[in-house]
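Under our numbering, residues 1062 to 1491 are what the sequence shown spells out, in order.
From the three backbone atoms N, C-alpha and C, an ideal C-beta is built for every residue, glycine too.
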Amino acid sequence: MTTKLYFKDVTIFDGAEFFRGSLTTDGDRITRIVRNGEIPEAGVPTASGEAALIIPGMVNLHTHVSMTLFKGVAEDLPLKDWLEKRIFPLEAKFISREMCRIAGQWGMAEMLLSGVTAFADMYFFEEEVAAAAKEIGIKAAIGEGVINFPAPNGMSPDETIAFTAHLAEKHKDDPWIFPCCAPHSPYLTDEKYLLALAEISKKYSIPFHIHMAETRHEQEAYRKQRGTREFVRFDELGLLSDRFIAAHSVWVDEREMDIMASHGVTVAHCPSSNLKLGSGIAPVAAMVKRGVNVAVATDGSASNNNLGPLKEAELAAKVQKGTAHDPTVLPAGEVLKMVTSNPGRVLGRSFGRLVEGGSADIVQLRLDSCGIAPVYDPAAALLYASSPADIAAVWVNGRKTVNNGKILTVDMTALKKELDRMSDAVRRAR
Ligand SMILES: [Zn+2]
């Protein structure tokens, strides 16, 4: 049976602006969007009235979803110690196909319940992540991490690069899985591998997803080694394009921002992770001013510790206003684009937008809870006052995955049992 949805006379955010209108779907596609005053469809509505808000499924542009297993396992440490002394040893012990399926799917459930319908992942055993994503019903932009040494999946960098091309070929018409190139960073991935991955990104027209300029230490070490800054060097190497996802980008100067803007680079800004790890505050307001496409993302649960994009977007807005001493920077409507259409731009045509003919990736919220009402400005209500508890339902490719705080697609009790078994082992190993 094909699902048909009909939202009649509701508040709509289409990824660009808010308006009152009606939207219909048929199967996995949005068929019609009309503004109030135009003639709506006949039939029984799925939801109606001003207390219903529909928005595009949100896009979490940078995460490591399987690291949900390590949520809260290492706190209050600098990035270098956090990574080298705590995370790497735990990963050496625990990364497995099973971990990526179980902890990954647990993280995907958290994202769906927070209104995310697509995420860009960078980790290992990404085919397990893909299978778990299809099962639970979320779109995954998977990227098998490329580092200079053999990865926990047992593959060498060259093997991982070949595997990336294989994934790109295999999933080329897949409505759920979107392969990406995923070199870890300029400091863990040699230039020869970056160049090989850039070729694949170009050939298959898939994103090139990498951590950039995350800490001052990294930026200084890079400059000492290469005699220049990261984005300047990447520009010289021809690595930058509108397929480039630069996670973090905290330590970038004005010249780099202009380079990023001129190539159409998308920044995945992760304020919680950067603040928690003491990495700093990315100059997001300045990036936006210079025309850089900025998305807000959560990073992995080990450094955040949650995967909800609205909480992250709210933090991004407040931190930029506070540090700029200027409440007019990053207005709510602009920040909401950073978790919908801005990240959507680098992933594909209708990600993060509600458009006729586009994917039926829809989040329905209630605007009448104690936390939200009264509503004068729906953008501010969504960004500053809503919580995941206000999400009434989520559809991905027209498939209903969430209803009133419940995942409909997998047995969450059984999944939690499997997660408990793994987290018990982590607890014993700490
Ligand atoms: Zn990351």
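State yes or no: is the C-beta of residue i nearer than 6 angstroms to some heavy atom of ligand 1?
i, result
"D1360", "yes"
"A1103", "no"
"A1135", "no"
When we look at the beta-carbon of residue i and count the other beta-carbons within 10 Å, is it buried (16 or more) or exposed?
i, result
"T1221", "buried"
"A1434", "exposed"
"E1111", "exposed"
"N1214", "buried"
"S1420", "buried"
"L1140", "buried"
"S1334", "buried"
"R1489", "exposed"
"N1365", "buried"
"F1074", "buried"
"H1270", "buried"
"Y1437", "exposed"
"T1474", "exposed"
"A1378", "buried"
"A1103", "exposed"
"P1218", "buried"
"V1105", "exposed"
"H1232", "buried"
"C1431", "exposed"
"Q1381", "buried"
For residue i, which beta-bridge partners are listed by DSSP?
i, result
"H1272", "A1308"
"V1095", "S1083"
"M1119", "V1177"
"C1242", "F1269"
"R1427", "A1113"
"E1205", "Y1184"
"K1200", "A1179"
"R1460", "V1457"
"T1327", "I1306, N1354"
"R1090", "D1087, S1420"
"F1210", "Its beta-bridge partners do not exist; DSSP assigns none."
"K1069", "S1109"
"K1467", "N1464"
"F1074", "F1079"
"I1452", "L1426"
"T1124", "D1182"
How about residue i and residue j: are their beta carbons less than 7 angstroms apart?
i, j, result
"S1262", "R1304", "yes"
"M1503", "A1356", "This structure cannot settle anything about residue 1503, because the visible part of the chain is limited to 1062 through 1491."
"E1189", "R1158", "yes"
"I1199", "M1169", "yes"
"A1363", "C1331", "no"
"D1422", "T1178", "yes"
"M1318", "M1273", "no"
"M1216", "G1176", "no"
"L1249", "I1208", "yes"
"K1065", "D1089", "no"
"A1385", "A1346", "yes"
"K1195", "W1237", "yes"
"T1124", "F1180", "yes"
"P1244", "L1258", "yes"
"V1492", "V1455", "Given a span of 1062 to 1491 for the chain in the structure shown, any question on residue 1492 remains unanswerable."
"L1426", "I1452", "yes"
"H1324", "L1301", "yes"
"A1282", "S1310", "no"
Beta carbon of residue i: closer than 6 angstroms to some heavy atom of ligand 2?
i, result
"A1308", "Ligands in the displayed structure: ligand 1; ligand 2 is not one of them."
**Request:** With a floor of 3 residues, list each beta strand (DSSP E) that falls wholly inside the stretch 1330-1407, ordered by position along the chain.
**Result:** For the stretch 1330-1407, whole beta strand (DSSP E) runs of length 3 or above, ordered along the chain, are 1354-1357.
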